[in-house]
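Enquirer:
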Amino acid sequence: MKNLLATLHSYDPGMLPALADVWGVDAKRFNDDELIAALHTQMQAEAVVQVVWDKLDERSQGALRALASSAQGRMTSSLFAHTGNGKIRKLGRAQIARLQPHIKAENIAETLYYRGLIGEAHAKTADSIVSFVYVPGDLVARLPLQQTSYGSLDASYPAHAADTQALEIIESLPADAYQRADTTLVDDMTSLLAVLQAGKVALAGAQLPPESLAQIRPLLLNELPSRLTFLLGIGSSAKLMAIEEGKALPRRQEARDWLAATRAAQVRALADAWRRSQNWRDMWQIEGLLPEESGWAYDAAVARNALLNLLADLLPAAGWVSLSELIEIIKATQPDFQRPDGDYESWYIRNDEGEFLRGFESWDAVEGALIEYLATGPMHWLGLVDVGEDMLRLTAYGNAFFGKGDWPRMPEQPTPFNARDDGALLVSRRVNRFERFQLARFARCALAGDPYIYTMDGESIDRAEAQGISRQQVHSFISKQLAGNPLPLPILKLLREWGTGARTRVSLEAQVILRTTSEEEMDKIFAFPAYRRYLGARLGAMACVVRADQWQQLEARLGADDIDVDASRLEGGQD
-19 MKNLLATLHS YDPGMLPALA DVWGVDAKRF NDDELIAALH TQMQAEAVVQ VVWDKLDERS
41 QGALRALASS AQGRMTSSLF AHTGNGKIRK LGRAQIARLQ PHIKAENIAE TLYYRGLIGE
101 AHAKTADSIV SFVYVPGDLV ARLPLQQTSY GSLDASYPAH AADTQALEII ESLPADAYQR
161 ADTTLVDDMT SLLAVLQAGK VALAGAQLPP ESLAQIRPLL LNELPSRLTF LLGIGSSAKL
221 MAIEEGKALP RRQEARDWLA ATRAAQVRAL ADAWRRSQNW RDMWQIEGLL PEESGWAYDA
281 AVARNALLNL LADLLPAAGW VSLSELIEII KATQPDFQRP DGDYESWYIR NDEGEFLRGF
341 ESWDAVEGAL IEYLATGPMH WLGLVDVGED MLRLTAYGNA FFGKGDWPRM PEQPTPFNAR
401 DDGALLVSRR VNRFERFQLA RFARCALAGD PYIYTMDGES IDRAEAQGIS RQQVHSFISK
461 QLAGNPLPLP ILKLLREWGT GARTRVSLEA QVILRTTSEE EMDKIFAFPA YRRYLGARLG
521 AMACVVRADQ WQQLEARLGA DDIDVDASRL EGGQD
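First residue of the sequence shown: -19, per the working numbering; consecutive thereafter.
1. Starting from Met(-5), trace the alpha helix (DSSP H) in both directions and tell me its first and last residue.
2. According to the neighbour-count rule (16 or more other Cβ atoms, all chains shown, within 10 Å of its Cβ), is Met169 buried or exposed?
3. When the Cα atoms are used, what is the spatial distance from Leu133 to Ala345?
4. Going by DSSP, which residues form a beta bridge with Val159?
5. Quick one: residues in its chain with C-beta nearer than 8 Å to the C-beta of Asp370, no 5 flanking neighbours on either side, listed in chain order?
6. What are the start and end residues of the alpha helix (DSSP H) that includes Gly378?
7. Should Ile351 be labelled buried (16 or more other beta-carbon atoms within 10 Å of its own) or exposed?
8. Is it buried or exposed, Arg483, if we count other Cβ atoms within 10 angstroms and call 16 or more buried?
9. Between which two residues does the alpha helix (DSSP H) harbouring Lys(-18) extend?
10. Alpha carbon to alpha carbon, how far is Leu519 from Phe506?
11. Helix, strand or coil for Gly516 per DSSP?
12. Between the region 397 to 417 and the region 325 to 336, do three or more beta carbon pairs fall short of 8 Å?
13. Compute the beta-carbon to beta-carbon distance between Gly368 and Leu153, rounded to the nearest angstrom, for a pair I have assumed lies under 8 Å.
14. Please state whether DSSP places Thr496 in a helix, a strand or coil.
15. Give me, in chain order, the residues of the same chain whose beta-carbon lies closer than 6 Å to that of Lys384; leave out the 5 immediate sequence neighbours on both sides.
16. Where DSSP assigns a beta bridge to Met55, which residues make up the other side?
17. Got a sec? Which residues, its chain only, sit under 8 Å from Pro205 by beta carbon, not counting five neighbours each side?
18. Use the C-beta contact count for Ile149: other C-beta atoms within 10 angstroms, 16 or more gives buried, fewer gives exposed.
19. Which value, in whole angstroms, describes the spacing of the CA atoms of Pro116 and Arg73?
20. Determine the direct distance from the alpha carbon of Gln314 to that of Asp430, and round the result to whole angstroms.
21. Could you round the C-beta distance between Val28 and Leu123 to whole angstroms and report it? I think they count as a contact, below 8 Å.
22. Am I right that Leu295 and Leu165 are in contact with their C-beta atoms under 8 Å? What's the rounded C-beta distance?
23. When the distance is taken between beta carbons, is Val365 closer than 8 Å to Ala355?
24. Hey, how far is the Cα of Leu92 from the Cα of Glu224?
25. If you drop the 5 nearest sequence neighbours on each side, which residues of the same chain put their C-beta closer than 6 Å to that of Ala446?
26. Buried or exposed: where does His360 fall if 16 or more other Cβ atoms within 10 Å of its Cβ makes it buried?
27. Identify the residues that DSSP records as bridge partners of Tyr432: which are they?
28. With distances taken Cα to Cα, identify the nearest neighbour of Leu211 among Ala103, Leu147, Leu362, Gln80.
29. Nearest to Arg256 by alpha carbon, out of Leu270, Arg284, Arg236?
30. When burial is assigned at 16 or more other CB atoms within 10 Å of the CB, is Ile493 buried or exposed?
31. Evaluate Trp276 with the Cβ neighbour count: other Cβ atoms within 10 Å of its Cβ, from every protein chain shown; 16 or more gives buried, anything less gives exposed.
32. For Arg45 and Val32, I'd like the C-alpha separation in whole angstroms.
33. Helix or strand or just coil, what does DSSP make of Leu538?
34. Taking the straight line between their C-alpha atoms, what separation do you get for Glu335 and Ser342?
35. Does the distance from the C-beta atom of Ala89 to that of Ala48 stay below 8 Å?
36. Would you call the CB atoms of Ile214 and Trp264 closer than 8 Å?
Pasting the structure below:
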């Protein structure tokens, strides 16, 4: 914050005669430098300061009080303008002489500025240059800010009432009045990775088309479409999956590491990925808002973290607060959290009626809706907040996320599968997510719940063998997960008899085989999602099947990566 002398030097020289008129200095006797020195002396005389203060109306006095009591005695110019004070016109010498803004100001901001009571400066943030208004530090000490009239300050200057307003905290709500946060996002991410592993889910851009939604939703504990969209977006941000060319496939090592982690670590990984994600744009997910894809700049991570920092300061570690009250406090104190330059005119956002949402009057429809979405959407889905009707409360995970506590460290004991006599496998949510993911490679999820119900049939055996998983490996895996309990007879019979005896089925088919010159090269190709989407079962150390009708796309992709491809053996044999 600048002092008074620096502020006087920052003013346009054309302002100096007006300031001299306000503060009782004979401007005609001095040049500009001498006049600044004379003003500096006069403006520190308490009797003169009192006279200038007394000539302010109550609203101007209230605005000056609010500004002086703000953090560091300053406020963004945009916030100062939005809270009923107006914008400052920067006038030249001739305009000041003609319009006399120190006497006939258009608004409170001009009254204070052209009387030398506030200054305007610029500060560099991480992403932009932000304009601030402030009260010079040495002038604050001389202003009678504690002096009030008998009139109501709240009535005369309501816009700043929320500056010092604290959220009302309610200790408890009835159990049926709110939705407790949970960690089912972890379970549904596991299910999503499992179905993506099969390579049969198509994407439209980076979105799931209706047919893919219909395929995946029955496998989830929460089928809300917006939550499934969030799962896909945050899975990509967490590097658990790669999205390329109309397909999403798990990243082998990253997905394995996440699946094998504890539930608390998995929640933290997803929450941290959301916090820093630049690709996931929360505002694009809000019902009723239609941001345009081009024509304006928007940094989703900067906007999200600015809001999360505010919530970290405002939300209590315990107890319920009103969401609408929280939104009102942010609007009154930090409305520009995602627009540090205070620009409410150049963003291209429409409502669902096609109307552009511009100007500060659209704040509730844009910023207010964003706060509500983050609280009731991602923060609730991630297990960070419980939500009620217009209420929210931080959970243990939420306190850890906002730096108010440690991340939960709940021990996880190995949990076995259970089996029914009909061969169905019952898998609790407490089972390690990697083990359920492994089961889903060949078994079919018949019901998502706690427990999940998985079934096996002949197609399961075919799926396993197509991935290079033998029947003996399936038998060993299930036996291990049943922790010593016998395999159900239907599973034993299926593993022993499928494809044998009178039910034997054979087929002849042409396959395209990819061969490499070393096992290491095949390992690298098989581990890279951009290649693996075109591949089928591995055939030994240096060969694998190429998916039907995919060899030309694979050839093009390998060639683009400067890998020599010999397709001469396919000439005349493929369309």
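Just so it is clear, CB atoms sit at the ideal spot from N, CA and C, and this is done for glycine as well.
Expert: Concretely, from the data shown:
1. Translated into the one-based positions of the sequence shown, residue -5 becomes position 15. Careful: Met(-5) lies outside any alpha helix (DSSP H) and carries neither H nor E.
2. As a first step, residue 169 must be located in the sequence shown, where it is residue number 189. Met169 is buried by the Cβ-count criterion.
3. As a first step, residue 133 must be located in the sequence shown, where it is residue number 153. As a first step, residue 345 must be located in the sequence shown, where it is residue number 365. Its pLDDT being 33, under 50, Leu133 is placed unreliably by the model, and the measurement read from it follows with that caveat. Using only the alpha carbons, I get a separation of about 30 Å.
4. The count along the sequence shown starts at 1 and reaches residue 159 at position 179. Checking the sequence shown, residue 159 turns out to be Gln, not Val. Val367.
5. The residue given as residue 370 occupies position 390 in the sequence shown. Around Asp370: Ser302, Leu303, Ser304.
6. Along the sequence shown, read from residue 1 onward, the residue named residue 378 stands at position 398. First-last of the alpha helix (DSSP H) with Gly378: 376 to 381.
7. Stepping through the sequence shown from its first residue, residue 351 is reached at position 371. Burial call: buried.
8. As a position in the sequence shown, residue 483 is number 503, starting the count at 1. The predicted model places Arg483 with a pLDDT of 49, which falls under 50 and marks its position as unreliable, so this point remains unresolved.
9. Position 2 of the sequence shown holds residue -18. Where Lys(-18) is concerned, there is no enclosing alpha helix (DSSP H), given that its DSSP letter is neither H nor E.
10. Against the sequence shown, residue 519 aligns to sequence position 539. Against the sequence shown, residue 506 aligns to sequence position 526. Whole-angstrom Cα-Cα distance: 12 Å.
11. Taking the sequence shown and counting its residues from 1, the one referred to as residue 516 is at position 536. Three-state result, Gly516: strand.
12. no
13. Taking the first residue of the sequence shown as position 1, residue 368 is located at position 388. Taking the first residue of the sequence shown as position 1, residue 153 is located at position 173. Yes, Gly368 and Leu153 are in contact; Cβ-Cβ is about 6 Å, under 8 Å.
14. Position 516 of the sequence shown, counted from the start, is the residue given in the question as residue 496. Coil.
15. Here residue 384 is taken as the residue at index 404 of the sequence shown, counted from 1. Once the five neighbours on either side are set aside, the close Cβ partners of Lys384 are Ala297.
16. Within the sequence shown, numbered from 1, the residue matching residue 55 stands at position 75. Answer is Val113, bridged to Met55.
17. Within the sequence shown, numbered from 1, the residue matching residue 205 stands at position 225. Only Leu193, Arg197 meet the Cβ criterion.
18. Reading the sequence shown from its first residue, position 169 is the one you call residue 149. Per the 10 Å Cβ criterion, exposed.
19. Stepping through the sequence shown from its first residue, residue 116 is reached at position 136. Stepping through the sequence shown from its first residue, residue 73 is reached at position 93. The straight-line gap from Cα to Cα measures roughly 23 Å.
20. As a working note, residue 430 is residue 450 in the sequence shown. As a working note, residue 314 is residue 334 in the sequence shown. Using only the alpha carbons, I get a separation of about 43 Å.
21. Working through the sequence shown from its first residue, we reach residue 28 at position 48. Working through the sequence shown from its first residue, we reach residue 123 at position 143. Rounded, the Cβ-Cβ distance is 12 Å, inconsistent with contact.
22. Position 315 of the sequence shown, counting from 1, holds the residue named residue 295. Position 185 of the sequence shown, counting from 1, holds the residue named residue 165. Actually they are not in contact, since the Cβ atoms of Leu295 and Leu165 sit about 20 Å apart, beyond 8 Å.
23. In the sequence shown, counting from the first residue as 1, residue 355 sits at position 375. In the sequence shown, counting from the first residue as 1, residue 365 sits at position 385. Their beta carbons are under 8 Å apart, which means Ala355 touches Val365 by this criterion.
24. As a position in the sequence shown, residue 92 is number 112, starting the count at 1. As a position in the sequence shown, residue 224 is number 244, starting the count at 1. Going by the C-alpha atoms only, they are around 57 Å apart.
25. By one-based count along the sequence shown, residue 446 stands at place 466. Correct list, in chain order: Ala517.
26. Along the sequence shown, read from residue 1 onward, the residue named residue 360 stands at position 380. Classification of His360: buried, given that the 10 Å Cβ count is 16 or more.
27. Here residue 432 corresponds to residue number 452 of the sequence shown, with the count starting at 1. In DSSP, Tyr432 forms a bridge with Val407.
28. If you number the sequence shown from 1, residue 211 lands on position 231. Closest option to Leu211, Cα to Cα, is Leu362.
29. Stepping through the sequence shown from its first residue, residue 256 is reached at position 276. Closest by alpha carbon: Arg284.
30. Here residue 493 corresponds to residue number 513 of the sequence shown, with the count starting at 1. Exposed, since its Cβ has fewer than 16 Cβ neighbours within 10 Å.
31. In the sequence shown, counting from the first residue as 1, residue 276 sits at position 296. With fewer than 16 other Cβ atoms within 10 Å, it is exposed.
32. Within the sequence shown, numbered from 1, the residue matching residue 45 stands at position 65. Within the sequence shown, numbered from 1, the residue matching residue 32 stands at position 52. Their backbone Cα atoms lie some 15 Å apart in a straight line.
33. As a working mapping, residue 538 is identified with position 558 in the sequence shown. Here Leu538 sits in helix by DSSP.
34. On the sequence shown, residue 335 is found 355 positions in, with the first residue counted as 1. On the sequence shown, residue 342 is found 362 positions in, with the first residue counted as 1. Taking the straight line from one Cα to the other gives about 11 Å.
35. As a working note, residue 89 is residue 109 in the sequence shown. As a working note, residue 48 is residue 68 in the sequence shown. For Ala89 and Ala48, no; Cβs fall outside 8 Å.
36. Locating residue 214 in the sequence shown gives position 234, where the first residue counts as 1. Locating residue 264 in the sequence shown gives position 284, where the first residue counts as 1. No; because the gap between Cβ atoms is not below 8 Å, this pair is not in contact.
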